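Numbering (the working numbering), first residue to last: 435 to 538.
Structure, rendered in structure tokens:
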């Protein structure tokens with residue numbers, strides 16, 4: 435039984451099931467949220483999505499960050515380059531931030 439447990443622990447620690455570290459663009463997104471006067475304690479979660487070229491080769495061309503806030507039902511969406519530059523930001527749903535367009 436101990437061998438089985440050790441194997442399961444080993445597979446968990448050294449497989450794709452392990453928890454991923456922070457995204458490379460997390461700092462850029464946090465800095466932009468601070469510019470909108472949103473503090474980290476107002477953020478429920480941030481989800482990063484890979485954006486790929488729909489052409490022939492499925493190249494990674496950037497990222498989207500979806501930031502869910504405690505005070506509203508919806509998200510702040512940021513479109514980022516591979517170098518973490520923020521190309522566009524807007525809100526979805528019932529979230530509204532001054533200076534950003536809202537798309538329901």
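The C-beta atom is built at its ideal place from N, Cα and C for all residues, glycine as well. Keep in mind it's a predicted model, so treat the numbers as computed, not measured.
Here's the rule: buried if 16 or more other CB atoms are within 10 angstroms of the residue's CB, otherwise exposed. What is residue i?
i	result
residue 529	buried
residue 468	exposed
residue 444	Reliability of the predicted coordinates at residue 444 is poor, the pLDDT of 37 falling under 50, and no value is obtained from them.
residue 483	exposed
residue 501	buried
Name the DSSP beta bridge partners of residue i, please?
i	result
residue 512	499 and 523
residue 484	497
residue 537	526
residue 479	502
Measure from the alpha carbon of residue i to the alpha carbon of each residue in the options, then state which is nearest.
i	options	result
residue 535	519, 510 and 520	510
residue 505	488, 457, 475 and 466	475
Express the C-alpha separation of residue j and residue i in angstroms, rounding to a whole number.
i	j	result
residue 503	residue 533	16 Å
residue 459	residue 524	17 Å
residue 462	residue 520	8 Å
residue 473	residue 464	9 Å
Count Cβ pairs between the stretch 511-519 and the stretch 490-499 that sit closer than 8 Å; are there 3 or more?
yes
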